[in-house]
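Protein chains: 2
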Amino acid sequence: MQSRLVIDYRNATDVAVGTEHGVSLAMLNAVAPKVAAEHGRILAERAAGDQRWMNLPDDHALVEAILAFVDSVKGRYSDYVLIGIGGSSLGAIATIMALAHPYRNLLPAGKRGGPRLFVLDNPDPEKVKATLELCDLPNTLVNVITKSGQTAETMANFLVAKQTLEAAVGKERASKQIVATTDPKDGLLRQLADAEGYTTFPVPPGVDGRQTVLSAVGLLPAAFCGIDIRGMLDGAAAMRERCMTPEVLENPAYLLAAISVLADQQRGKRMLVTMPYADALFGITDWFRQLWAESLGKRLSLDGKEVFAGQTPIKALGAIDQHSQIQLYTEGPNDKLISLIAVDQYRDTVTVESVPAGIPDLDYLKGAELGQLLDRECLATAWALTQAKRPNFTITVPTIDAGIIGEFFYLYQLQTVMGGALYNVMPFGQPGVEAGKNATYALMGRSGYEKLKAELSVVPADAERFRLS
Amino acid sequence: MQSRLVIDYRNATDVAVGTEHGVSLAMLNAVAPKVAAEHGRILAERAAGDQRWMNLPDDHALVEAILAFVDSVKGRYSDYVLIGIGGSSLGAIATIMALAHPYRNLLPAGKRGGPRLFVLDNPDPEKVKATLELCDLPNTLVNVITKSGQTAETMANFLVAKQTLEAAVGKERASKQIVATTDPKDGLLRQLADAEGYTTFPVPPGVDGRQTVLSAVGLLPAAFCGIDIRGMLDGAAAMRERCMTPEVLENPAYLLAAISVLADQQRGKRMLVTMPYADALFGITDWFRQLWAESLGKRLSLDGKEVFAGQTPIKALGAIDQHSQIQLYTEGPNDKLISLIAVDQYRDTVTVESVPAGIPDLDYLKGAELGQLLDRECLATAWALTQAKRPNFTITVPTIDAGIIGEFFYLYQLQTVMGGALYNVMPFGQPGVEAGKNATYALMGRSGYEKLKAELSVVPADAERFRLS
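For the protein sequence lines, the chains are A and B, in the order given. So the first sequence is numbered by the working numbering: it starts at 3 and just counts up by one. So the second sequence is numbered by the working numbering: it starts at 3 and just counts up by one.
Here is the structure:
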């Protein structure tokens with residue numbers, strides 16, 4: 003398989019939007035040696051056993067194991083409940099939104115390709131209760147996903163699902179309806195899975211949650227929903243192959259990393275908007291939003307200085323957000339870099355066959371095909387943004403298929419790793435969420451957090467003054 | 003009905019996050035005379051027949067007409083297709099997401115409260131085709147919503163739905179299954195509706211699309227889905243009553259407008275994140291995102307100077323985005339004001355009854371109730387953001403019901419009108435989208451746009467140089 007993504011970045015450059023807002027070829031050339039050096043470092047780290055996410059497309063044994071498992075329970079389940087949050091669910095959601103029928107859960111079983119899918123990410127009692135009431139519990143597979151088993155939201159949702167399932171089918175049978183995707187050796191969920199005899203799949207050691215989409219974390223739910231996971235991995239491998247060049251102007255991941263970081267650091271583009279012109283690709287933008295924010299939003303540089311780095315990723319959807327955000331993007335502060343995603347050939351065509359007589363202003367829609375309209379809206383938006391000197395670039399895909407989705411996943415992950423190098427921050431880990439996590443544990447009365455709980459319980463003397471009720 | 007929203011803004015002030023990042027009472031007091039004067043202007047404009055959105059909660063005749071229509075076709079339709087984009091669909095989506103069952107379309111007809119709802123906002127051929135194939139066309143009501151009938155996306159989708167419906171049930175019967183929400187007198191859709199004899203409801207003259215949620219635009223779909231629209235209007239009226247004071251520290255809409263604009267202009271908070279801790283409230287943030295962006299994102303001030311105003315609204319969801327965006331919000335650039343929305347009492351309670359023996363690290367979840375967990379996550383996030391000197395405030399609602407949703411709609415609309423005054427820009431209109439709209443017309447071959455089409459067809463000589471394929 004060959005990579006098929008096309009990137010047109012002219013509108014992000016000074017040639018199109020002027021020197022004040024555009025990235026120049028001189029800027030890109032200036033960063034080229036750094037990019038090439040970091041490319042060497044990344045490959046060396048991979049060779050030394052790090053950057054393990056890069057090897058996920060090669061795990062054919064895992065694919066076989068997943069497909070064998072899905073095959074072994076074929077027809078057994080009407081419902082599939084995925085329990086996971088952040089990196090443990092965003093990849094699967096993105097994949098299934100892109101590649102399954104848009105109303106998958108409403109289709110009859112025979113046309114759906116697997117059971118209905120429900121995601122319990124948030125511990126929202128209204129959603130959780132509704133989900134568990136809706137599922138046909140004797141025919142429901144629960145897939146809980148957390149590497150450590152420490153994630154409060156996931157474990158709370160899982161314990162609720164478990165007790166509900168046990169009440170419906172008994173403890174022994176419930177254990178057979180639970181699949182845990184977790185660390186192969188360590189952690190609370192591993193302990194529990196071993197004790198209760200769940201089927202398990204591994205969260206690969208040495209990769210962050212937000213890098214797991216091409217592991218069992220993302221692939222098992224996708225396979226369960228009938229997605230061609232081999233095709234996804236082939237697409238990712240094709241993009242990996244394409245990204246073997248150290249040249250910033252030839253390597254799509256490095257080019258996008260360089261344009262984005264340079265636009266932020268030297269042209270004040272603090273936000274990176276990703277706006278696909280296809281409902282099916284909206285989930286990818288949400289997955290990328292986590293990746294870019296959590297990887298690059300860092301207080302400390304690699305040499306320990308306070309830098310408060312990071313560009314804010316924003317998800318948008320064309321053409322809908324032309325009627326919501328484009329006014330701001332065009333006339334508001336010029337502080338955004340905008341990535342449009344165009345689709346050459348949608349998977350369906352829908353044509354306006356005729357227009358009503360006597361309303362000449364509608365005549366232009368006669369014979370219009372919706373995909374063509376959407377594509378022209380994308381072009382028109384790129385043009386209008388450029389006229390207003392707002393830097394933007396367009397990624398074009400030939401169509402939406404498993405290979406393309408795999409390409410996006412690999413592209414964006416490598417772009418983010420290079421983004422970390424250009425910001426000079428560690429793209430892995432998320433030290434900034436510890437404080438809030440600990441505060442939640444404290445408020446929930448977890449043992450060992452008593453001191454923090456006492457601190458949190460202090461109501462400021464002036465609290466009422468700032469309260470409007 | 004009394005307004006029940008509570009605002010706690012201490013964490014947005016210098017008292018909590020320091021003078022560099024917090025808004026001070028002195029700053030709020032300094033803006034108070036301007037706010038009071040603008041309050042007077044707004045009321046005077048209302049008295050003179052402008053600011054008509056403020057009167058929508060009083061249109062009881064409209065409510066009766068809507069409920070009578072819904073009642074007259076009760077049980078007649080299994081499916082309801084809403085065709086509209088931007089202000090013509092975001093309000094209905096927000097309302098129904100907040101107040102209907104989270105899996106409404108999956109429920110059996112008897113438990114659903116009205117037909118299944120499908121929204122055709124984007125002219126995405128994949129989604130449009132899937133929707134029309136899924137609907138039981140002889141029993142489908144199509145509601146097309148556009149004031150002018152000029153909106154290309156809406157009219158294209160509507161013409162496709164119309165031809166599909168006509169093919170299924172014939173032209174005469176199809177006309178009876180179409181309801182047009184449009185200008186009472188003018189425009190292309192009005193012409194068409196009159197010619198074909200559709201039932202129509204009015205888009206109120208003198209209000210922008212993004213102010214129509216409490217008109218037939220938002221209320222008809224809500225009523226069709228079984229929502230208590232009287233309760234919504236009562237909530238909006240209660241908030242209007244509460245907002246009759248000119249005092250910035252007492253008026254919730256003016257307080258939030260002042261904090262947000264001051265945080266942007268004097269403390270560099272270019273982004274306003276809205277992060278409810280409830281899946282049901284996520285649609286409100288998307289509706290608000292259009293309102294804040296399109297109203298305030300303006301190139302020119304009221305006195306005609308180039309100001310490029312506007313704060314970028316961002317939608318987030320607690321607790322999910324703690325696992326996606328909070329790392330960036332806490333450790334990245336301190337350029338955001340974050341609005342958390344907490345819920346005192348969710349509409350369901352779900353309790354973790356027991357935890358597995360032998361895994362002490364899970365003991366803290368024993369007896370945990372999910373709503374309580376979510377509420378504590380919200381508190382913990384507010385605390386952690388404040389520790390990191392990131393300004394934030396919390397809006398607390400007693401529960402999620404029709405009145406509260408009405409309160410939010412009115413609150414945010416008035417906040418936005420005052421926001422316009424504080425930015426010194428015109429909050430109505432969206433001049434910045436014209437260029438893109440015209441370019442779309444040109445590319446679609448609409449007559450009168452030939453010159454622009456020629457201009458758009460020029461391929462730059464250096465196009466290939468900036469293309470990576």
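We put the CB at the ideal spot given by N, CA and C, even for glycine.
Asked, Found
"Touching by the beta-carbon criterion (3+ pairs, under 8 Å), the segment 135-151 of chain A and the segment 263-272 of chain A", "no"
"Closer than 8 Å to chain A by CB, residue 76(B)", "no"
"When 400(B), 56(B), 364(B), 50(B) are compared against residue 471(A), the one with the closest alpha-carbon", "400(B)"
"Contacts around residue 453(A), its chain only, beta-carbon distance under 6 Å, and the 5 residues preceding and following it disregarded", "none"
"Counted within 10 angstroms of its Cβ, other Cβ atoms place residue 99(A) as buried (16 or more) or exposed", "buried"
"Chain B contacts made by the segment 408-437 of chain A, where a contact means CB separation under 8 Å", "432, 433, 434, 435, 437"
"Limits of the unbroken alpha helix (DSSP H) element including residue 226(A)", "218-226"
"Selected residue, minimal CA-CA separation from residue 458(A), among 247(B), 24(B), 385(B)", "385(B)"
"Segment limits, alpha helix (DSSP H) that includes residue 30(B)", "27-49"
"Residue range of the beta strand (DSSP E) that includes residue 10(B)", "8-10"
"CA-to-CA distance, residue 237(A) to residue 407(A), given in whole angstroms", "7 Å"
"Minimum Cβ-Cβ distance from residue 11(A) to chain B less than 8 Å", "yes"
"Contact list for the segment 445-468 of chain B against chain A, Cβ threshold 8 Å", "445, 446, 447, 448, 449, 458, 462, 464, 465, 467, 468"
"Chain-ordered chain B contacts of residue 291(A) [CB-CB under 8 Å]", "326, 327"
"Option nearest residue 7(B) by Cα separation, candidates 388(B), 363(B), 342(B)", "342(B)"
"Proximity to residue 314(B) [Cα-Cα], best of 296(B), 281(B), 448(B), 303(B)", "296(B)"
"Proximity of residue 13(B) and residue 395(B) at Cβ, strictly below 8 Å", "yes"
"Residue 443(B) beta carbon less than 8 Å from that of residue 279(A)", "no"
"Residue-level contact to chain C via CB, residue 382(B), 8 Å cutoff", "You won't find chain C in this structure, because its protein chains are A and B."
"Element boundaries [alpha helix (DSSP H), containing residue 121(A)]", "Premise fails: residue 121(A) lies in the beta strand (DSSP E), 118-122, not in any alpha helix (DSSP H)."
"Complete beta strand (DSSP E) runs within the segment 246-321 of chain B (minimum length 3 residues, chain order)", "273-278, 314-317"
"Candidates 419(A), 425(A), 203(A): closest to residue 66(A) by CA position", "203(A)"
"7 Å Cβ cut-off: residues of chain A touching residue 471(B)", "8"
"Inter-residue spacing [alpha-carbon to alpha-carbon] between residue 324(A) and residue 383(A)", "8 Å"
"Residue range of the unbroken alpha helix (DSSP H) whose run includes residue 65(B)", "62-74"
"Residues, ordered as in the chain, of the segment 156-168 of chain A that lie near chain B by beta-carbon distance below 8 Å", "157, 158, 159, 161, 162, 165"
"Expected contact under 8 Å - CB spacing of residue 355(B) and residue 165(A) to nearest Å", "5 Å"
"The segment 304-316 of chain A: positions lying closer than 7 Å to chain B by Cβ", "310, 311, 312, 314, 316"
"Distance CB(residue 176(B))-CB(residue 190(B)) smaller than 8 Å", "no"
"Segments of 3+ residues assigned as beta strand (DSSP E) that fall wholly inside the segment 143-225 of chain A", "180-184, 201-204"
"Chain A contact for residue 322(B) (CB, 8 Å cutoff)", "yes"
"Chain A contacts made by the segment 110-122 of chain B, where a contact means CB separation under 9 Å", "118, 120"
"Inter-residue spacing [alpha-carbon to alpha-carbon] between residue 270(A) and residue 16(A)", "14 Å"
"Host alpha helix (DSSP H) of residue 387(B) (start-end)", "372-389"
"Chain-ordered chain B contacts of residue 354(A) [CB-CB under 7 Å]", "158, 161, 162"
"Under 9 Å from the C-beta of residue 88(B): neighbouring residues of chain A", "322, 323, 324, 325, 326"
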